[in-house]
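Scroll down for the structure; my scribbles are underneath it.
Chains as they are written, first to last, in the numbering used here: chain Y, 4 to 248; chain W, 4 to 248; chain S, 4 to 248; chain R, 38 to 326; chain E, 38 to 326; chain F, 38 to 326.
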């Protein structure tokens with residue numbers, strides 16, 4: 004972020020973005036629930052070319068007793084990027100960024116999971132970025148919350164996430180990687196939409212207070228749209244209309 | 004393997020190999036059993052300049068309970084190369100090759116050990132390559148099976164191993180490192196000779212089906228010779244004629 | 004050590020050292036006990052620009068049961084250098100030197116701690132070098148023994164440490180880093196002064212037997228002075244005259 | 038250290054007996070014949086950031102292979118060749134017994150089996166993967182992701198690898214009149230695959246009660262759990278044996294080798310036919326430039 | 038893998054109730070108002086081998102920050118800029134629950150929060166940290182040591198970082214007439230800090246019995262142990278928001294955001310005032326050259 | 038973290054009493070006098086791929102040392118010197134309590150004791166181990182393998198190291214008239230060992246009942262298990278003290294230092310005599326070129 008290259012033009016003269024979207028428009032979003040055989044729950048999510056595969060195992064008994072909690076389930080979460088998911092091949096060893104995002108995503112899901120229902124168990128959440136084109140953490144939260152639901156784990160609400168960027172002075176919804184790279188700010192947000200509770204909030208970059216409030220409002224618009232798609236995908240899965248992929 | 008250097012001549016005009024052997028001839032083989040004081044069983048094996056020291060501890064109670072099996076012993080096996088054993092100094096950290104060969108060698112010994120005799124115990128097998136000149140994995144299996152016998156662990160049969168190479172079109176028994184490096188194929192084989200059960204079988208390189216069968220036949224010839232030497236070494240050890248080295 | 008640079012002059016014409024000290028003179032020594040809130044015991048020690056922060060937790064129950072001993076406390080000790088403590092930034096990963104010194108320092112403290120008083124517990128000793136200017140291991144022992152006392156752990160005696168160097172042929176007490184670097188020998192010593200028991204003794208460099216005995220005598224002089232300062236600092240702490248830093 | 042596996046998911050006794058009963062009648066619990074692989078589904082080109090990618094379902098086993106081609110330095114002993122680096126990750130998604138972390142011995146073994154199957158037969162013409170001889174070459178990173186584990190990961194990985202290689206696109210490299218090297222922006226060149234190669238895996242199941250031995254192609258997970266030994270043999274499309282690996286806790290009788298070799302050759306032919314069918318279809322439906 | 042913390046030191050119920058009772062009366066157990074930070078004590082220049090160093094006490098939380106500035110290589114995508122590398126170590130001295138070893142996820146997160154708060158707002162003019170453009174630049178290593186942990190490590194670390202940066206000295210670099218680069222022996226130059234930036238952390242405490250939510254500035258350890266969520270917002274001295282991070286096991290209601298933003302802005306202003314006060318005093322008492 | 042050893046193999050009480058009884062009578066359980074080492078057996082040149090190798094039995098303690106000499110880069114502060122890198126591995130073969138994996142603290146300490154004993158006294162003339170001054174030097178890797186552990190690994194390792202160094206062969210380096218460096222194919226040069234050095238270890242055993250202290254040379258494993266402290270002193274053949282290390286859980290009274298120093302000096306002389314005897318015999322029996 005923040006590498007301003009004067010030659011790069013990120014908006015057409017009509018105010019459309021490099022991929023043809025309006026500033027407040029999401030990318031095409033694809034959601035499939037229950038795509039894996041072995042996992043207790045799974046989901047596949049695309050935000051444009053950002054492609055995420057999430058799986059959930061649990062509640063289950065891990066090998067290690069000392070990580071169990073007497074009054075709730077222990078959540079474990081891994082956010083990881085496939086070596087082939089990025090422009091330059093990524094080493095499979097977890098980077099500092101992946102370590103941080105695993106924590107941020109876990110803490111975006113903790114408020115939604117009714118962890119009190121499963122004391123002395125572990126719920127494992129695995130998020131794999133198959134292709135990265137911006138917004139991987141928020142798409143990851145969206146996918147993981149569906150995988151949790153698919154695993155039958157009771158939740159206060161689904162969690163839906165999206166990022167808002169500031170690009171050449173303009174706030175844009177669901178920015179892609181190029182917009183993120185040349186933009187001035189990235190505000191990823193995830194929330195339980197019905198409860199209007201924000202579970203993930205980060206800012207990378209610089210915003211005025213006014214811009215921040217506008218960006219947050221834009222994020223809510225996106226979150227509400229994605230939430231609708233999440234519910235449709237779950238309905239589709241449990242209507243039995245579709246076999247798993 | 005497979006680096007064809009036109010200048011290199013691996014056979015004399017008489018059809019002998021660079022170290023003077025016939026194609027179907029083993030290198031000088033030296034076997035000593037019971038060479039260490041502390042180990043429950045040990046053996047030292049040379050195939051020419053390939054030199055292996057194997058030790059066995061067990062059946063014993065490891066610190067970690069979770070690796071025990073209720074109906075059999077757990078085998079653990081490490082194949083490792085000394086830093087000074089190779090042409091260029093080898094880092095002591097285990098390489099991917101060593102990780103694979105530790106598994107392949109363990110699985111070459113598993114069929115021979117009567118693991119049912121020692122439920123809830125561990126048998127540790129340590130194979131150290133002191134000098135590497137080709138055939139280290141098969142010499143390692145030969146040495147480890149003797150160390151197991153020396154430790155008094157009941158076995159269905161000894162396991163003897165040897166590799167067959169295809170070098171400039173000719174199948175050769177027990178190839179050395181130079182033959183391996185410039186050869187077209189390497190077929191390491193280990194077996195329980197009396198039972199005619201093959202416990203290790205790998206092919207690195209390219210063979211026709213016909214060549215494969217011939218190579219396997221040649222491997223059996225070598226294995227049978229080595230098996231005889233193994234039994235002699237055990238006899239010598241337990242005849243009490245020799246003190247430990 | 005031992006990099007003789009002809010141009011470097013480490014003594015004035017009057018026989019004083021680069022920092023103005025006589026050969027048998029300690030650097031200014033600062034000792035504070037009980038400087039941390041959370042640790043069970045703590046101490047901050049300066050030998051000139053060598054600055055050490057030590058903390059002790061215990062006797063306590065660690066997570067891991069298998070490290071407990073039935074008849075005594077288990078001591079754990081970490082000697083570590085801050086990345087900013089050295090001339091060139093030090094990687095925070097433990098170096099081989101730090102691994103060795105953690106052991107040497109633990110073994111310098113073991114004889115003083117009455118470990119029999121706390122069977123089946125662990126006493127953790129953490130020594131952090133904040134700024135390194137020679138003598139970090141001996142200053143570390145001095146600080147750690149105060150932190151142990153501050154934690155209320157019964158001891159046979161305090162342990163005080165100091166190094167003696169041989170620099171351009173002259174034995175000097177409490178050498179700083181520059182003297183160490185260009186000197187011919189470094190003899191770190193730690194002891195329980197009242198008992199006249201030596202608990203740490205190392206030599207890096209070359210000494211004749213005669214020099215060694217003289218150097219050891221000089222070390223004792225320093226140790227006795229430091230011991231006095233240790234006792235004053237403890238008195239000051241427990242007289243209640245001073246609040247923690 | 039390699040260790041006898043202790044965390045194998047356990048198969049219910051009744052299911053085990055069912056499998057053995059079917060085998061004793063000459064068929065399999067999923068109604069396959071002994072020498073038939075499961076259904077194969079293929080997708081390619083699903084990872085835009087990869088140079089090549091494929092997704093293969095072998096029954097319910099799912100494998101994703103991604104290829105990245107990046108400039109690198111040749112190894113000192115092969116200055117005139119590109120580099121091939123094969124890695125395997127068992128995604129924790131794929132099985133309750135897979136844990137995240139560095140590849141375990143099975144993943145390392147699998148990567149090395151795939152690597153060896155390709156390398157010595159020169160399935161890829163690495164001498165064509167050179168940018169500046171002796172100085173700069175292409176690194177071909179093949180990352181194999183096991184996404185859902187229902188047995189026979191090796192063959193699924195091998196098929197996925199071959200498909201990703203066959204559909205990968207890399208930048209064109211050209212030399213100017215003054216000898217300068219130009220790497221084109223656009224990815225239009227194929228990786229020079231000279232020979233298609235696949236592994237074919239045969240499992241041995243022994244009925245402890247009867248002592249009967251059964252050899253079956255492309256084992257499913259529940260068959261693998263009962264099998265005591267696997268033999269994987271790699272074949273090139275011109276019929277050469279390009280690799281071999283026995284794995285598992287038991288052994289193979291010398292007399293059974295021809296049977297296994299024949300079964301695996303036929304299995305490899307089926308896999309190769311499937312790969313060819315997919316590639317032909319893809320080529321005929323993709324407009325040429 | 039990130040995991041729900043299981044080794045949190047437990048707060049006695051009676052103490053927890055006391056804290057909640059105070060909050061319900063509009064004050065805090067240590068008599069602070071909801072928006073007041075604890076007392077701040079500052080020392081700088083205590084590590085002779087560091088280019089800059091500071092020691093900050095925020096209440097009983099103690100943080101030591103050390104800066105090393107060393108020649109390095111620029112990243113390919115920023116050839117005209119120095120590098121900023123922020124690391125955090127939770128010293129085992131600082132808490133009975135900290136263990137020695139590589140930084141855990143909280144330390145990594147903290148380092149990245151500090152890093153982000155500085156980077157995009159260009160708090161440091163990295164373009165001035167170049168020795169030979171495209172070839173050699175200054176690496177600024179900021180190592181933050183949490184020495185005693187009594188809550189709100191983030192803000193203590195942020196204040197310490199800013200003070201270490203403001204007081205650091207680096208060698209002067211000059212160019213001779215023949216274009217040769219000379220790095221002076223003496224450290225006399227400042228790091229080009231263009232804008233002061235601090236983080237300000239607000240904790241949310243929910244009384245489970247009453248359902249009341251309280252937002253408090255600069256939580257102490259015992260308040261943190263009761264809090265379910267923290268929100269950290271970074272501000273530059275000219276009022277821009279330069280970073281944000283929600284952490285903890287719970288969430289923040291959308292309607293509460295403005296309240297948190299206002300509280301954290303005021304808190305940041307107090308921190309910045311303290312930093313300015315210290316620096317002004319130091320500059321006025323240090324003779325200029 | 039360094040930790041009090043918790044996995045020491047335990048010695049039976051009856052055996053412990055036997056050892057103490059012998060000591061109280063002025064002799065040892067294996068009939069040695071207090072200042073005698075165990076029998077020493079030596080082989081060299083057993084590892085063809087190493088530049089030098091030795092196998093030393095000190096009683097039943099067995100150590101293998103291998104030396105590899107390879108071109109490398111000098112350290113910035115010693116541009117005119119080759120590099121010496123000493124590593125120690127406790128083979129899991131050697132003891133039921135040794136586990137495979139990265140060297141533990143005892144192995145690291147042992148390697149550093151050997152290294153220090155050689156380095157400052159300049160036992161090896163590293164200034165002769167230069168290929169191209171400032172650019173390319175020889176790296177001397179000494180890898181010490183403890184193969185069977187029956188006490189006093191330090192001295193066995195030190196003797197093995199010295200023998201491997203004395204018998205190692207490295208390529209001859211010559212310079213052509215045009216200044217080009219030629220590294221000969223054949224290994225014919227010796228490593229320039231200027232002084233022989235060995236460590237000599239004395240153990241202190243305290244009888245808890247009587248309070249008697251015994252100092253004994255070259256402790257066996259069962260003696261080590263009873264000993265509370267070891268003192269290792271390194272001597273060069275010209276009588277200088279070139280290193281010292283106290284280890285173990287107890288301390289040494291200041292008044293006992295001269296006794297220990299004298300005992301270790303005599304022990305070192307015996308080791309050196311053994312080394313000289315071996316080398317002389319070897320040289321006289323090997324035909325010169």
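Every residue, glycine too, gets a C-beta built ideally from N, C-alpha and C. Since we're looking at a predicted model, the values are computed, not measured.
query                                                                                                                                                                                   : result
List the residues of chain W that residue 107 of chain F touches, going by C-beta distances under 9 Å, in chain order.                                                                  : 91 and 92
Find the residues of chain W that neighbour residue 43 of chain R, judging by a C-beta separation of less than 8 Å, and give them in chain order.                                       : 69, 70, 71, 72 and 77
In the DSSP assignment, find the unbroken beta strand (DSSP E) run with residue 50 of chain S in it and report its ends.                                                                : 44-50
Using the C-alpha atoms, what's the distance from residue 164 of chain S back to residue 229 of chain S?                                                                                : 8 Å
Any beta carbon from chain F within less than 8 Å of residue 40 of chain S's own beta carbon?                                                                                           : no
Does the region 40-59 of chain S come close enough to the region 143-152 of chain S that 3 or more CB-CB pairs lie under 8 Å?                                                           : yes
Counting Cβ pairs closer than 8 Å, one from the region 86-96 of chain E and one from the region 178-198 of chain E, do we hit at least three?                                           : yes
Verify the CB distance criterion: does residue 5 of chain S have a CB-CB separation below 8 Å to chain F?                                                                               : Confidence at residue 5 of chain S is low in this model, with a pLDDT of 49, below 50, so the placement of that residue should be treated as unreliable; the coordinate-derived value is given next. Output row for residue 5 of chain S: interface = yes.
Give me the chain W residues within the contact set of residue 121 of chain R, using Cβ-Cβ distance strictly less than 9 Å, ordered along the chain.                                    : Under the 9 Å cutoff, chain W gives no residues; its nearest Cβ is about 13 Å from residue 121 of chain R.
Kindly give me the distance between the Cβ atoms of residue 260 of chain E and residue 182 of chain E, rounded to whole angstroms, as I take these residues to be in contact under 8 Å. : Their Cβ separation, rounded to whole angstroms, is 23 Å, which puts residue 260 of chain E and residue 182 of chain E out of contact at 8 Å.
Around the Cβ of residue 242 of chain W, are there at least 16 other Cβ atoms within 10 angstroms (buried) or fewer (exposed)?                                                          : exposed
Run down chain S in chain order and give the residues with a C-beta less than 7 Å from the C-beta of residue 131 of chain E.                                                            : 41
Any beta-carbon of chain C closer than 8 Å to the one on residue 95 of chain Y?                                                                                                         : Chain labels in this structure do not include chain C; the protein chains are Y, W, S, R, E and F.
Which bits of chain W does residue 145 of chain R rub up against, with CB to CB less than 7 Å?                                                                                          : 99, 102 and 103
List, in order along the chain, the chain E residues whose C-beta lies closer than 8 Å to that of residue 201 of chain Y?                                                               : 283, 288, 289, 290, 291 and 294
List, in order along the chain, the chain S residues whose C-beta lies closer than 8 Å to that of residue 97 of chain E?                                                                : 40
Between F:52, F:318 and F:313, which lies nearest to residue 232 of chain F when the distance is taken from Cα to Cα?                                                                   : F:313
Less than 8 Å between the C-beta atoms of residue 238 of chain E and residue 176 of chain E, yes or no?                                                                                 : no
Considering residue 143 of chain R, what are the terminal residues of the alpha helix (DSSP H) in which it resides?                                                                     : 142-156
Sort out for me which residues DSSP pairs residue 84 of chain W with in a bridge.                                                                                                       : W:132
For residue 326 of chain F, collect the residues of the same chain with a Cβ closer than 8 Å to its Cβ; drop the 5 residues on either side in sequence, then sort them by chain order.  : Caution applies to residue 326 of chain F, whose pLDDT of 46 falls short of 50 and renders its modelled position unreliable; the model cannot decide the point.
Return the residue from the list S:178, S:217 and S:184 that minimises the CA-CA distance to residue 31 of chain S.                                                                     : S:178
Among R:316, R:52 and R:42, which one has its Cα closest to the Cα of residue 202 of chain R?                                                                                           : R:316
Output, in sequence order along the chain, the residues in the region 176-196 of chain F whose CB is closer than 8 Å to any CB in chain W.                                              : 178, 180, 182, 184, 185, 186 and 187
CA-CA distance, residue 185 of chain S and residue 26 of chain S?                                                                                                                       : 15 Å
At which residues does the alpha helix (DSSP H) containing residue 144 of chain W begin and terminate?                                                                                  : 139-153
Does any CB atom of chain R fall closer than 8 Å to the CB of residue 205 of chain W?                                                                                                   : yes
According to the Cβ coordinates, are residue 268 of chain R and residue 221 of chain R closer than 8 Å?                                                                                 : no
I'd like the span of the beta strand (DSSP E) that includes residue 61 of chain Y, first residue to last.                                                                               : 53-63
Indicate the three-state DSSP secondary structure (helix, strand or coil) for residue 108 of chain R in the structure shown.                                                            : strand
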